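Participant:
Residue numbers (this note's numbering): 10 to 177.
#1: When we look at the beta-carbon of residue 123 and count the other beta-carbons within 10 Å, is it buried (16 or more) or exposed?
#2: To the nearest angstrom, how far is it from the Cα of residue 57 to the Cα of residue 38?
#3: Give me the Cα-Cα distance between residue 175 and residue 160, rounded to the nearest whole angstrom.
#4: When the Cα of residue 60 is compared with those of 78, 147, 46, which residue comes out closest?
#5: Is there contact between the region 113-123 and the region 61-78, where contact requires at least three CB pairs shorter than 8 Å?
#6: With H, G and I counted as helix, E and B as strand and the rest as coil, what does DSSP make of residue 202?
#7: Give me the Cα-Cα distance between residue 15 and residue 23, rounded to the nearest whole angstrom.
#8: Tell me whether residue 84 is buried or exposed, calling it buried when 16 or more other Cβ atoms sit within 10 Å of its Cβ.
#9: State yes or no: is the C-beta of residue 62 within less than 8 Å of the C-beta of residue 73?
#10: From what residue to what residue does the alpha helix (DSSP H) around residue 82 run?
#11: Just to confirm, is the Cβ distance from residue 110 to residue 55 under 8 Å?
#12: Would you tell me roughly how many angstroms separate the C-alpha atoms of residue 9 and residue 10, rounded to the nearest one?
#13: Smallest Cα separation from residue 86: which of 157, 32, 25, 141?
#14: Could you check whether residue 93 and residue 32 sit closer than 8 Å to each other, using their CB atoms as the reference points?
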């Protein structure tokens, strides 16, 4: 039971820290009332919901979606307390309809977190950040390799284009 409470508290707190960092960066770099800023903050809100469900699923190892919802309630409570608002002041019926995709993302993140925890090697069972760090490094390395090989691929494409007689 203590592990479940830990999953709720960690997922809520870490989601709040992640979302708050997104909001601070967006407000420093972009204009606060710009449409791009609003779209990025809403996207960050959805990414935070996936992270919240994932973390709760990883820590609880079963019923991660349920503990993800509780962690999300903690996240929204912290966001309300510290006045870090995610969306524009819409009427209540639009806000309630907006929670449908959030619940879906929490469930998705929770299921993925449970699967990662279940199928992880023994050495990585208690290291929830390992798959996240590995994924980030995979993306950075693949982008770097793509940027380094793009001129070579372009030269090969031009070489084939100019040396080929064309279709027969």
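No residue lacks a Cβ here, since even glycine has one placed at the ideal position from N, Cα and C.
Predicted model only: the values in this text are computed from it and were never measured.
Facilitator: With the structure as the only source:
#1: buried
#2: 20 Å
#3: 23 Å
#4: 78
#5: yes
#6: This structure cannot settle anything about residue 202, because the visible part of the chain is limited to 10 through 177.
#7: 12 Å
#8: buried
#9: yes
#10: 73-90
#11: yes
#12: Residue numbering for the chain in the displayed model covers 10 to 177; residue 9 lies beyond these limits and cannot be assessed.
#13: 25
#14: yes
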